[in-house]
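Trainee: Quick mapping for you: the protein sequence lines, in order, are chains Y and U. For the first sequence, numbering that gives the first Met the number 0 assigns the number 0 to the initial residue and increments by one for each residue that follows. For the second sequence, numbering that gives the first Met the number 0 assigns the number 0 to the initial residue and increments by one for each residue that follows. Using N, Cα and C, we set each Cβ at its ideal position, and we do this for glycine too. If you're wondering where the values come from, they're calculated on a predicted model, not measured in any experiment. Handing you this structure, nothing more for now.
Protein chains: 2
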Amino acid sequence: MTKLNDLLKNTGQWLKGTGANSDIVMSSRIRLARNLKKFPFTDWADKKNQRAVLEKIKKAIDKSSCFKKSLFLKLDELSNIDIQFLLERQLISRELAAKKGPRAVCISDKEVFSIMINEEDHLRLQIIQPGFDFSESWRLIDRIDDELSSNLGFAYSSKLGFLTACPTNTGTGMRASAMLHLPTLVINKRIEKILETITKLSFAARGLYGEGTEAAGNFFQISNQITLGRSETDIINDIKRIIKQVIDHERDSRIRLLKNNLLEVEDKICRAYGILKNARIISSGEAISLLSTLKLGVDLELVKSINRSLVNELFVLVQPAHLQKIEGRALTPEERDMKRAQLIRKRLK
Amino acid sequence: MTKLNDLLKNTGQWLKGTGANSDIVMSSRIRLARNLKKFPFTDWADKKNQRAVLEKIKKAIDKSSCFKKSLFLKLDELSNIDIQFLLERQLISRELAAKKGPRAVCISDKEVFSIMINEEDHLRLQIIQPGFDFSESWRLIDRIDDELSSNLGFAYSSKLGFLTACPTNTGTGMRASAMLHLPTLVINKRIEKILETITKLSFAARGLYGEGTEAAGNFFQISNQITLGRSETDIINDIKRIIKQVIDHERDSRIRLLKNNLLEVEDKICRAYGILKNARIISSGEAISLLSTLKLGVDLELVKSINRSLVNELFVLVQPAHLQKIEGRALTPEERDMKRAQLIRKRLK
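Listed below in structure tokens is the structure:
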């Protein structure tokens, strides 16, 4: 049986640094919000109902061919560190982590698919893949959605589409997002204007860790806001178009930077690499900032001795719960800063 | 014939990091101020007289056994970069560099002895050795002084001792100084109190590059102020005593720091090493500051992969004129910052 600690042996497939435009797009993600017919939405349901929903979905998952080697975790059986660990891996949302009561997550092999149960909606199905890839992801998640739908029966209105706890998700129930690494748009200060435009076009832009967090490490998550009145394919085509434009801006900035400030860029990258390889104490914030600079170096092929997946993985591994899981015990903030530096040194050797 | 550019092949003996207490004392130096009888002091003399003094001293040096493989340089035949280069190597003073008219420097093999001609006094004889060593230095310089004296006839009063252009040097004409690396007394802020005490006891404390410069790289040059009314041996014993106390304070601070803040110290040292090994652009100020931290690491045996002489040498090599001499051409400040980083990377490899 797969256990939570087995996740420690690897990192998610989405960190592998492969796929289209993977020098700029870390990962692409699609989430579908679904609810079971004849059950009240999670936040209106009592524990008994929530438990019934959870068990019903679990049974459907057990039958699914996509979740054969999967890991099923009930959150009220997990420690705070384990929950934080799942959050750091992008396998659950902050909302699911903060909730009480019967709730669960199911994680497929390589962490490509996951299902949150009793988050805001009964079921949130997610696919996350490396690089810029929505079409294939949509094909895959759509198949699982169909399979689960035929077993579970989702709340659906022929007029509105899928019914969801929050009206902002009604219709397709789909949220497509990509995690973009945009360091040079931050350096040349064009990022704000671009994010403003994105927002005007009814897309959302957030930092690495979702809602309400700063854009640490120059990562920006761009997602659709509109779920109603357009087909899934339309939404995907819209977001593909907008993300392609942001990619072009970042690529253009990188070319200019290399042309006009090669030495300064090399200096910044090499210093970041030097500090990461040598520090004995490092905070999470500093580590993420330096890793962002190092990632740019790797993606620009200025640093050739390490590969993209290694840097990508470090963004996840240096986080507090990961350090504590790796160490097998709770760590004070001071101990974490030391263990973080140790882990980075070891990996970059 | 030895040429100025031959100096580039090596660095001075005083940088070798050997000798007593060489983890704290970079070098010990003794300078003797001497003037020829029957010639006016340099600043009162016309060019003809200055030239006569220069030629007379040159002849005496040519006969001396200690200056057999020496380099004799007339400063008005040198470029500004060459003069700056000699200053950076501690072979001439700022005053000699800034002066006009016939003036020269003679440099012995390994740069242990040097003689400035027509600085403030006709002759300034210097010995500079690695580590904390005044007794042997005094023995050596005293012998050369005797030899030169018998050939030249120095201005001497049985009442006052050696006569000098400035009365503060009259008597022994001797200035003994040691260059101390005191990073932990700077960290724990005890340095100011110590320097204050030194000054009260009639000793002077200055930065790395002599009068009027900041204590860059945590180097402090401590020297006697009193030259009159005490014998050379008394003066040397006095300064040995005071320097021994400063050494004890620094050593005590180092032990405390290692005991109470080992990880922080290691972190600081390793980061400095990491930046020095990786930077592509580095200013003189930053380089000296990071090298000071690295030197502490080497002296505390926390960094074992490089030896003390290598770090000591870098303090001299990273200076502007050295970079330009090594490169064989004038460099803009931007080019120097790049070449400095390159040189440091190469040497630390």
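Any idea what DSSP makes of S148 (chain Y), helix, strand or coil?
Mentor: helix
Trainee: Out of Y:C165, Y:L85, Y:K37 and Y:N187, state which residue places its alpha-carbon closest to the alpha-carbon of V315 (chain Y).
Mentor: Nearest neighbour of V315 (chain Y) by Cα position, chosen from Y:C165, Y:L85, Y:K37 and Y:N187, turns out to be Y:L85.
Trainee: What do you get for I116 (chain U), buried or exposed, if any count of 16 or more other CB atoms within 10 angstroms of its CB means buried?
Mentor: Result: buried.
Trainee: Using 10 angstroms around the beta-carbon of A271 (chain Y), count the other beta-carbons present and answer buried if the total reaches 16, otherwise exposed.
Mentor: Buried.
Trainee: Going along chain U in order, which residues have a C-beta closer than 8 Å to the C-beta of R339 (chain Y)?
Mentor: Per Cβ cutoff of 8 Å: no residues; R339 (chain Y) is ~12 Å from chain U at best.
Trainee: Kindly indicate which three-state DSSP category H180 (chain Y) falls into: helix, strand or coil?
Mentor: strand
Trainee: Residues of chain Y with a CB under 7 Å from the CB of I274 (chain U): which are they?
Mentor: R270, G273 and I274
Trainee: Using a Cβ cut-off of 8 Å (strictly closer), state whether N9 (chain Y) contacts chain U.
Mentor: no
Trainee: With a cut-off of 8 Å, does the C-beta of E285 (chain U) fall near any C-beta of chain Y?
Mentor: no
Trainee: Give me the DSSP bridge partner(s) of V24 (chain Y).
Mentor: Among the bridge pairs identified by DSSP, V24 (chain Y) is matched with Y:L179.
Trainee: Tell me, please, whether the CB atom of E300 (chain U) is closer than 8 Å to any CB atom in chain Y?
Mentor: Closer than 8 Å: no.
Trainee: Taking Cβ positions, are L184 (chain U) and S134 (chain U) nearer each other than 8 Å?
Mentor: no
Trainee: Would the beta-carbon of D120 (chain Y) fall within 8 Å of that of A32 (chain Y)?
Mentor: Against a cut-off of 8 Å, the Cβ pair of A32 (chain Y) and D120 (chain Y) comes out as a contact.
Trainee: For D45 (chain Y), count the other beta carbons within 10 Å of its own beta carbon; 16 or more makes it buried, fewer makes it exposed. Which is it?
Mentor: exposed
Trainee: What are the residues that DSSP puts in a beta bridge with Y155 (chain U)?
Mentor: U:F161
Trainee: Taking 8 Å as the CB-CB cut-off, is L330 (chain U) touching chain Y?
Mentor: no
Trainee: So with CB distances below 8 Å, who are the chain U contacts of I280 (chain Y)?
Mentor: L262, E263 and D266
Trainee: For a cutoff of 8 Å on Cβ pairs, would you count N277 (chain U) as touching chain Y?
Mentor: yes
Trainee: Hey, how far is the Cα of L151 (chain Y) from the Cα of E326 (chain Y)?
Mentor: A straight-line Cα-Cα distance of about 40 Å links L151 (chain Y) and E326 (chain Y).
Trainee: Between which two residues does the alpha helix (DSSP H) holding I197 (chain Y) run?
Mentor: I190 to K199
Trainee: Take Q83 (chain U) and list the residues in its own chain whose beta-carbon comes closer than 6 Å to its own, dropping the five residues that flank it on each side.
Mentor: Taking Q83 (chain U) as the centre and dropping the five residues before and after it, the same chain places the C-beta of A320 closer than 6 Å to its C-beta, in chain order.
Trainee: According to DSSP, simplified to helix, strand and coil, what is P166 (chain U)?
Mentor: helix
Trainee: Less than 7 Å between C-beta atoms, sequence neighbours within five positions excluded: which residues of the same chain meet that for K199 (chain U)?
Mentor: Around K199 (chain U): no qualifying Cβ.
Trainee: Whose C-alpha, out of U:D336, U:I254 and U:S283, is nearest the C-alpha of G296 (chain U)?
Mentor: U:I254
Trainee: In the DSSP assignment, find the unbroken alpha helix (DSSP H) run with F84 (chain Y) in it and report its ends.
Mentor: N79 to E87
Trainee: Within 8 Å, do at least three Cβ pairs link the segment 8 to 22 of chain U to the segment 331 to 346 of chain Y?
Mentor: no
Trainee: For the candidate residues U:T163, U:I143, U:D42 and U:K188, whose alpha-carbon lies nearest to that of C65 (chain U)?
Mentor: U:I143
Trainee: Cα-Cα, which of U:N79, U:L290 and U:S176 is closest to A215 (chain U)?
Mentor: U:L290
Trainee: What's the call for S78 (chain U), buried or exposed, on a 16-neighbour Cβ count within 10 Å?
Mentor: exposed
Trainee: Measure the alpha-carbon distance for K348 (chain U) versus N277 (chain U) and round it to whole angstroms.
Mentor: 10 Å
Trainee: Please say whether I23 (chain U) and I246 (chain U) have beta carbons closer to each other than 8 Å?
Mentor: yes
Trainee: What does the alpha-carbon distance come out to for the pair T196 (chain Y) and V310 (chain U)?
Mentor: 53 Å
Trainee: Do the CB positions of S283 (chain U) and V317 (chain U) come within less than 8 Å of each other?
Mentor: yes
Trainee: Roughly how far, in whole angstroms, is the beta-carbon of D108 (chain U) from the beta-carbon of K68 (chain U), given that I think they are within contact range, below 8 Å?
Mentor: 4 Å
Trainee: Under three-state DSSP, which class holds V104 (chain U)?
Mentor: strand
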